[in-house]
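So the structure is just underneath, and the comments pick up after that.
Protein chains: 2
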Amino acid sequence: MDIRTRLLATAEQLFDRHGFNATGMDRLTEGAGISSRTLYKHVGNKNGLIAAVLNERDRRFHRLVEEDSIDALFGALETWLAQEAVRGCLFLRAWGETGGDVPEIAEAMERHKQRLRDRIGNIVVAEIGRHDDELVETIQLLFEGATHTAAYRGVAAVDVARRAAQRLANAVRAS
Amino acid sequence: MDIRTRLLATAEQLFDRHGFNATGMDRLTEGAGISSRTLYKHVGNKNGLIAAVLNERDRRFHRLVEEDSIDALFGALETWLAQEAVRGCLFLRAWGETGGDVPEIAEAMERHKQRLRDRIGNIVVAEIGRHDDELVETIQLLFEGATHTAAYRGVAAVDVARRAAQRLANAVRAS
DNA sequence: GCGAAGGTAAAATGATCGTTTTACGCTGCA
DNA sequence: TGCAGCGTAAAACGATCATTTTACCTTCGC
Numbered sequence: 205m206d207i208r209t210r211l212l213a214t215a216e217q218l219f220d221r222h223g224f225n226a227t228g229m230d231r232l233t234e235g236a237g238i239s240s241r242t243l244y245k246h247v248g249n250k251n252g253l254i255a256a257v258l259n260e261r262d263r264r265f266h267r268l269v270e271e272d273s274i275d276a277l278f279g280a281l282e283t284w285l286a287q288e289a290v291r292g293c294l295f296l297r298a299w300g301e302t303g304g305d306v307p308e309i310a311e312a313m314e315r316h317k318q319r320l321r322d323r324i325g326n327i328v329v330a331e332i333g334r335h336d337d338e339l340v341e342t343i344q345l346l347f348e349g350a351t352h353t354a355a356y357r358g359v360a361a362v363d364v365a366r367r368a369a370q371r372l373a374n375a376v377r378a379s
Numbered sequence: 205m206d207i208r209t210r211l212l213a214t215a216e217q218l219f220d221r222h223g224f225n226a227t228g229m230d231r232l233t234e235g236a237g238i239s240s241r242t243l244y245k246h247v248g249n250k251n252g253l254i255a256a257v258l259n260e261r262d263r264r265f266h267r268l269v270e271e272d273s274i275d276a277l278f279g280a281l282e283t284w285l286a287q288e289a290v291r292g293c294l295f296l297r298a299w300g301e302t303g304g305d306v307p308e309i310a311e312a313m314e315r316h317k318q319r320l321r322d323r324i325g326n327i328v329v330a331e332i333g334r335h336d337d338e339l340v341e342t343i344q345l346l347f348e349g350a351t352h353t354a355a356y357r358g359v360a361a362v363d364v365a366r367r368a369a370q371r372l373a374n375a376v377r378a379s
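Just so you know, the sequences run in chain order A and B.
If you read the first sequence in my numbering, its first letter stands for residue 205, the second for the next number, and so on.
If you read the second sequence in my numbering, its first letter stands for residue 205, the second for the next number, and so on.
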C-alpha cells in the first residue's frame with residue numbers, strides 16, 4: 205500500500221476513535237509505520253493531515269453512493285457506519301475541534317456539505333421527477349440526524365431516517 | 205453572580221467556541237475571573253468541569269421547553285441557537301473529543317439524550333393522543349439533524365425540521 | 001558508480017498542557 | 001481575638017505537544 209494512503213487510512217481511524225487534538229503525532233506515525241519526517245514531507249503539518257483525511261473521506265463516500273436514490277444514499281451511510289464506528293460527522297467534529305479557525309479544514313467541511321447537498325438535489329429529481337428545495341433540505345437534515353443519532357443509538361437510526369425520507373418523498377410525489 | 209455559575213457559563217461559551225481540548229485552563233480561569241486553585245476546588249479537574257457544564261446545559265435546555273408540543277421543542281432549539289452560536293451538539297462534541305473514555309462525560313451525554321427522548325415521548329402523546337415509537341425516533345432524529353445542520357446552514361434548518369415533524373405527526377394522526 | 005530522491009531513527013526544540021504548591025489576604029463568626 | 005473558610009497571585013511540576021534537525025541508509029536512473 206502507498207505511504208500516503210496508509211497514512212490517511214490510519215489517521216482517519218485514530219481521529220475518529222480518539223478525536224483530533226487527543227491524537228498525537230507519535231501515535232499517528234507509529235500507527236502508519238512511518239517516521240515523523242516522512243509525515244511532514246507528505247502533508248505539511250497536522251492541519252494539513254486533517255484536511256487531507258477529510259477530503260479523502262469525502263471522495264470515498266461519494267464513490268459509495270452508486271445510484272441517485274434515497275435507498276442508495278442511506279444504504280451508503282449504513283455500510284459506512286457498519287465498518288467504521290463513527291462518532292458523529294467527522295467533518296463537523298474537525299471543524300468544531302479547531303474552532304472553525306483553520307481555513308483548510310473549514311473549507312473541507314463546507315465543500316463536503318455542499319457536495320452532499322448537490323447529490324441529494326440529484327436524488328430528489330430522480331425520485332420525484334422534478335426539483336423540490338424543501339425536500340432536499342429535509343433529506344439532508346435526516347441524513348445529518350441519522351449520522352449523529354447513530355453515534356449513540358446504533359445503525360438502526362439510519363433505517364428510521366430512510367423511512368421518513370421515503371414517506372416525505374411519497375407525499376411530495378403524490379401532491 | 206455566584207462563582208460556580210460564572211465559571212460554568214464562561215466555560216460553556218469557550219468550549220463551544222474553541223472546542224474542549226483547545227480551551228486551556230488559563231483561558232478558563234481568566235475568562236471566569238477566578239484563580240486556578242478555586243477552579244479546582246469547585247470542579248475537581250477539567251473533565252469534572254466539562255461534565256458540570258454539560259449537566260447544567262441539559263437542565264437549562266429542558267427549562268426552556270415550556271410545554272409538550274413540537275412547536276415548543278423546536279422553538280426552544282431556535283432561541284437556543286439564536287443566542288449562542290452552537291457548532292453542533294455540545295454533548296456529542298465533548299463525548300467525541302474525549303473518545304468516549306471519560307465516564308462522567310459519557311454519562312452526561314447518555315443522560316441528556318435519554319432525557320430528550322423521554323421528553324419527545326411526552327410530546328408525541330400530547331400531539332397525537334397515543335404512543336408511537338417510530339414517530340418519537342423520527343422526531344429525535346430531526347432534532348439532531350437540525351442541531352447539526354444549523355451549525356453550517358443557520359437557524360433556518362430548525363424550521364425545516366419543525367415542518368417535517370409536523371407533517372409526519374399529522375400523517376400519523378390521520379391514520 | 002554516482003548523485004538525487006525518499007526513506008528511517010532519534011534527539012532536540014520551545015511551547016503549552018493540566019495540576020499542585022506555596023504564600024498570602026479578606027471576611028465573618030465564636 | 002483568633003481561627004476557619006474561601007478567595008487570590010504566581011511559581012513550579014512533569015508530561016506532552018507539534019515541529020525541526022541531525023545523521024544515516026537504501027534504491028534507482030543515468
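All residues carry an ideal CB built from backbone N, CA and C; glycine is no exception.
- A/Met313 belongs to the set of residues whose beta carbon lies under 8 angstroms from a beta carbon in chain B.
- The beta-carbon distance between A/Asn225 and A/Glu301, rounded to whole angstroms, is 6 angstroms. This is short enough to meet the 8 angstroms contact definition.
- With respect to the C-alpha of A/Asp363, the residue from B/Glu260, B/Leu232 and B/Glu341 having the closest C-alpha is B/Glu341.
- Contacts between B/Asn225 and chain A, judged by CB atoms closer than 9 angstroms, involve Gly223, Phe224, Asn225, Ala226 and Glu301 in chain order.
- Taking a beta-carbon distance threshold of 8 angstroms, B/His352 counts as an interface residue toward chain A.
- Sorting B/Leu258, B/Glu271, B/Ser273 and B/Ala276 by C-alpha distance to the C-alpha of B/Ala298 places B/Leu258 at the top.
- Selection A/Asp206, A/Ile207 and A/Leu212 evaluated against A/Arg263 yields A/Leu212 as nearest (Cα-Cα).
- Under the three-state reduction of DSSP output, B/Ile343 falls in the helix class.
- Taking the Cα of A/Arg319 as reference, the smallest distance to any Cα among A/Gly292, A/Asp230 and A/His266 is reached at A/His266.
- For A/Ile274 against A/Ala369, the beta-carbon gap comes to about 5 angstroms, under 8 angstroms, which counts as contact.
- Taking the Cα positions, A/Asp337 is about 8 angstroms away from A/Gly325.
- Contact check for B/Gly223 against A/Gly252 fails: the beta carbons are separated by 8 angstroms or more.
- For B/Asp322, the uninterrupted alpha helix (DSSP H) run begins and ends at Pro307 to Ile332, by DSSP.
- For the pair A/Ala365 and A/Phe278, the CB atoms are nearer than the 8 angstroms cut-off.
- None of the residues of the region 271-285 of chain B has a beta carbon lying less than 8 angstroms from any beta carbon of chain A.
- Residue environment for B/His352: buried (at least 16 other C-beta atoms within 10 angstroms of its C-beta).
- Here the alpha carbon of A/Gly333 sits roughly 12 angstroms from the alpha carbon of A/Ala378.
- Taking every protein chain shown into account, the CB of A/Lys245 has fewer than 16 other CB atoms within 10 angstroms, so this residue is exposed.
- Pairing A/Ile309 with A/Ala255 gives a Cβ-Cβ distance under 8 angstroms.
- As for any alpha helix (DSSP H) of minimum length 4 sitting wholly inside the region 259-315 of chain B, the runs are 274-287 and 294-301, ordered along the chain.
- Contacts between A/Val364 and chain B, judged by CB atoms closer than 9 angstroms, involve Glu338, Glu341, Thr342, Gln344 and Leu345 in chain order.
- In this structure, the beta-carbon distance from B/Leu345 to B/Val328 does not fall below 8 angstroms.
- Residues of chain A with a Cβ closer than 7 angstroms to the Cβ of B/Glu348 are, in chain order, Gly349, His352 and Thr353.
- A/Lys250 is outside the set of residues whose beta carbon lies under 8 angstroms from a beta carbon in chain B.
- Under the 8 angstroms criterion on CB atoms, B/Gly235 is classed as non-interfacial with respect to chain A.
- Proximity of chain B to A/Arg291 at the Cβ level (cut-off 9 angstroms) is accounted for by Leu296, Trp299, Gly300, Gly303 and Gly304, in chain order.
- Taking C-beta separations shorter than 6 angstroms and ignoring five residues to either side along the sequence, the partners of A/Met313 in its chain run Phe295 and Trp299, following chain order.
- At a C-beta separation below 7 angstroms, A/Ala361 has these neighbours in chain B: Leu345.
- For A/His222, the enclosing alpha helix (DSSP H) starts and ends at Ile207 to His222.
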